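**Q** My numbering puts the first residue of the sequence shown at 1460, with every later residue one more than the last.
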Amino acid sequence: MSEYVCTKSFIVDRYDDDGFFTENQDCIEKGQRFHMTDSSWRLIGGADTVRLEADGGDWLEITKDTLAEYFAQAGEVKQDGC
């Protein structure tokens, strides 16, 4: 499984475990780590989405364009500082 790191914060709509919109939002913060699953199963998205999961059970379904804009593979992230 590939690991991804958020490179800039962004807001996503929140859905419940049945795929229904909850009118709440979550902030995905810079530095948060997710891994891409091998499964093609999606709760709210289709073929143009990817599913990322975090340790602890949180998950995120985003478009491939959003993945490219807000995430980098863990080995490609440039560290600030020395």
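Beta carbons: idealized from backbone N, C-alpha and C, even for Gly. A quick note: this is a predicted structure, and the numbers were derived from the prediction, not measured.
1) Among Asp1475, Val1509, Gln1484 and Leu1502, which one has its Cα closest to the Cα of Phe1530?
2) Can you tell me which of the three DSSP states Thr1522 falls into?
3) Per DSSP, what are the beta-bridge partners of Gln1532 in this structure?
4) In terms of residue numbering, what span does the beta strand (DSSP E) encompassing Arg1501 cover?
5) Going by beta-carbon coordinates alone, are Tyr1463 and Leu1511 separated by less than 9 Å?
**A** Concretely, from the data shown:
1) Val1509
2) strand
3) Tyr1463
4) No beta strand (DSSP E) contains Arg1501, which DSSP labels as neither H nor E.
5) yes
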